[in-house]
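K.L.:
In order, the protein sequences belong to chains A and B. Heads up: the first sequence is residues 1 to 132, going by my numbering. Heads up: the second sequence is residues 133 to 302, going by my numbering. Beta carbons are placed, not taken as given, at the ideal position from N, Cα and C, and that holds for glycine. Got a structure here, written out as structure tokens. Questions coming.
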Amino acid sequence: MRSSAADRTRPTPLDGLVVLAVLAAAAAIFYFFRPVSGNFLTARIVLDNELVAELPLSDLTEPVTLEVPGVRYPITVEGENGRVRVLHSDCPSQDCVHTGWVSRSGGQIVCLPNRLVITVTGGAAEADAVTG
Amino acid sequence: MTHSVRRLTRCAVLTALALAISVCEGLVPLSVLIPLPGLRLGLANLVTVYALCRLSGRDALGILVSRCLLGAVVGGNLTALAFSLSGGLLALGTMWLLLRVPGLSLFGVCIAGAAAHNTGQILAAMGVLASPAIAIYLAPLLAASVLTGAVTGAASILLVRRVPFDEGKP
């Protein structure tokens, strides 16, 4: 017999502690990784440190695509209600495409070859109009 | 000689059993009832618990690794190997440690094992998909592991009590 646990047939108080620990871990993970519930998510598209476009993600009712002007490798950004992604890019690394959808405030998509950064910001009431 | 043959056959039978259980479990996915990616009852964990309680940690490890390798061959899915190995190894390590804690029953051990298994799988998914945001899936999976772990815990208590291996006899 290797362990006293093998002999017990009923849960012990310490089992309850295990349950509590697991549930506490679940709650902590949910808290830290929860999507920031901003009603005003905005995707800021910054090229060479210059803001070239802003997409008010929370106001979008249907998907919109945007060809970013003035980039080295043609890149298409797709935004829909609450999230944004790089739909297509001609850049060699394709990291921006592989990042996929970003839907949380603070999330980023970076296209290094294009020196393009898409940042999702939100929470505050900055639901401005689209700028091109 | 006789001893090592006995040990080998025990482990082989348990490996076959674990493989059969995990294949059967895959046929009736629990995620039909609760739509949560990665959710399963973890019945194959019963074999790990049994091996830990009645055989040894080494045997349990051998059974687990063989089961995962064979499962990947049978299922023909190499990415699944990373998931099942990381989950299984983390669960095995956690349960091996907790079985040494006095005052716990197999309920607690199995619940912690289920939670560790889910954690390992999510860690593998974060590695494969290179996206830390996947960790959000771990929260509901951990909560569910309290239930699935309690079910496998109850089953393992019956199993470990009713099926003792006669250690003394050659």
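Does the CB of residue 143 of chain B have a neighbour CB from chain A at under 8 Å?
P.N.:
Translated into positions along the second sequence, residue 143 of chain B becomes position 11. Chain A, which has no Cβ nearer than 8 Å to the Cβ of residue 143 of chain B, makes this no.
K.L.:
Quick one, which residues of the region 11-30 of chain A are near chain B if we go by CB-CB under 9 Å, in chain order?
P.N.:
Residues passing the 9 Å Cβ filter: 11, 12, 13, 14, 15, 16, 17, 18, 19, 21, 22, 23, 25, 26, 27, 28, 29, 30.
K.L.:
Counting only C-beta atoms, is residue 43 of chain A closer than 8 Å to chain B at any point?
P.N.:
Indexing the first sequence from 1 puts residue 43 of chain A at position 43. Chain B, which has no Cβ nearer than 8 Å to the Cβ of residue 43 of chain A, makes this no.
K.L.:
Helix or strand or just coil, what does DSSP make of residue 20 of chain A?
P.N.:
In the first sequence, residue 20 of chain A corresponds to position 20, counting from 1. Helix.
K.L.:
What's the gap between the Cα of residue 44 of chain A and the Cα of residue 106 of chain A?
P.N.:
Residue 44 of chain A sits at position 44 when you count from the first residue of the first sequence. Residue 106 of chain A sits at position 106 when you count from the first residue of the first sequence. Their backbone Cα atoms lie some 11 Å apart in a straight line.
K.L.:
Look up residue 89 of chain A in the DSSP assignment and say whether it is helix, strand or coil.
P.N.:
Numbered from 1 along the first sequence, position 89 holds the residue referred to as residue 89 of chain A. Here residue 89 of chain A sits in strand by DSSP.
K.L.:
Can you tell me which of B/182, B/205, B/149, B/140 puts its alpha carbon nearest to the alpha carbon of residue 245 of chain B?
P.N.:
Looking up residue 245 of chain B in the second sequence gives position 113. For the residues B/182, B/205, B/149, B/140, the minimum Cα distance to residue 245 of chain B belongs to B/182.
K.L.:
Please list the terminal residues of the continuous beta strand (DSSP E) segment that includes residue 268 of chain B.
P.N.:
Taking the second sequence and counting its residues from 1, the one referred to as residue 268 of chain B is at position 136. Segment: none, residue 268 of chain B is in no beta strand (DSSP E) and carries neither H nor E.
K.L.:
Closer than 8 Å by C-beta to residue 149 of chain B: which residues in its own chain qualify, once you throw out the five before and the five after it? Chain order, please.
P.N.:
Working through the second sequence from its first residue, we reach residue 149 of chain B at position 17. Correct list, in chain order: 179.
K.L.:
Can you give me the Cβ contacts of residue 96 of chain A inside the same chain, cut-off strictly under 6 Å, excluding the 5 residues immediately before and after it?
P.N.:
Residue numbering aside, residue 96 of chain A sits at position 96 when the first sequence is read from its first letter. So the qualifying residues of the chain are 86, 89, 109, 111.
K.L.:
Per DSSP, what are the beta-bridge partners of residue 66 of chain A in this structure?
P.N.:
Taking the first residue of the first sequence as 1, we reach residue 66 of chain A at position 66. For residue 66 of chain A, which the question treats as bridged, DSSP gives the partners A/77.
K.L.:
For residue 212 of chain B, which residues from the same chain have a beta carbon less than 7 Å from its beta carbon, with the 5 sequence-adjacent residues on both sides left out?
P.N.:
Translated into positions along the second sequence, residue 212 of chain B becomes position 80. 204, listed in sequence order.
K.L.:
Rounded to a whole number of angstroms, what is the C-alpha to C-alpha distance between residue 235 of chain B and residue 280 of chain B?
P.N.:
Numbered from 1 along the second sequence, position 103 holds the residue referred to as residue 235 of chain B. Numbered from 1 along the second sequence, position 148 holds the residue referred to as residue 280 of chain B. Cα-Cα distance, rounded: 21 Å.
K.L.:
Quick one: what's got a C-beta closer than 6 Å to residue 252 of chain B's C-beta in the same chain, skipping five residues either side?
P.N.:
Within the second sequence, the letter at position 120 stands for residue 252 of chain B. 218, 219, 222, listed in sequence order.
K.L.:
Taking Cβ positions only, does residue 93 of chain A come closer than 8 Å to chain B?
P.N.:
Residue 93 of chain A sits at position 93 when you count from the first residue of the first sequence. Chain B places no beta carbon closer than 8 Å to that of residue 93 of chain A, leaving this residue out of the contacts.
K.L.:
In terms of alpha-carbon separation, which member of A/104, A/117, A/99 lies closest to residue 258 of chain B?
P.N.:
Mapped onto the second sequence, residue 258 of chain B falls at position 126. Selected option, being the one with the closest Cα: A/99.
K.L.:
Is the beta carbon of residue 23 of chain A sitting closer than 8 Å to the one on residue 275 of chain B?
P.N.:
Residue mapping note: residue 23 of chain A aligns to position 23 of the first sequence, counting from 1. Residue mapping note: residue 275 of chain B aligns to position 143 of the second sequence, counting from 1. Cβ atoms of residue 23 of chain A and residue 275 of chain B: closer than 8 Å.
K.L.:
Would you mind sorting residue 15 of chain A into buried or exposed? The rule is 16 or more other CB atoms within 10 Å of its CB.
P.N.:
The residue you call residue 15 of chain A lines up with position 15 of the first sequence. Residue 15 of chain A is buried by the Cβ-count criterion.
K.L.:
Mind reading off the beta-carbon distance from residue 238 of chain B to residue 289 of chain B? Whole number of angstroms is fine, and I expect it under 8 Å.
P.N.:
What you label residue 238 of chain B is simply residue 106 of the second sequence in a count that begins at 1. What you label residue 289 of chain B is simply residue 157 of the second sequence in a count that begins at 1. Between residue 289 of chain B and residue 238 of chain B the Cβ distance is about 5 Å, and since that is below 8 Å, they are a contact.
K.L.:
So the alpha helix (DSSP H) residue 180 of chain B belongs to, where does it begin and stop?
P.N.:
Locating residue 180 of chain B in the second sequence gives position 48, counting from the first residue. Looking at the DSSP string, the run of the alpha helix (DSSP H) that includes residue 180 of chain B is 177-186.
K.L.:
Less than 8 Å between the C-beta atoms of residue 155 of chain B and residue 206 of chain B, yes or no?
P.N.:
Counted from its first residue, the second sequence places residue 155 of chain B at position 23. Counted from its first residue, the second sequence places residue 206 of chain B at position 74. Yes.
K.L.:
What are the boundary residues of the beta strand (DSSP E) that includes residue 46 of chain A?
P.N.:
For the purposes of this step, residue 46 of chain A is identified with residue 46 of the first sequence, where counting begins at 1. 42-47 is the extent of the beta strand (DSSP E) around residue 46 of chain A.
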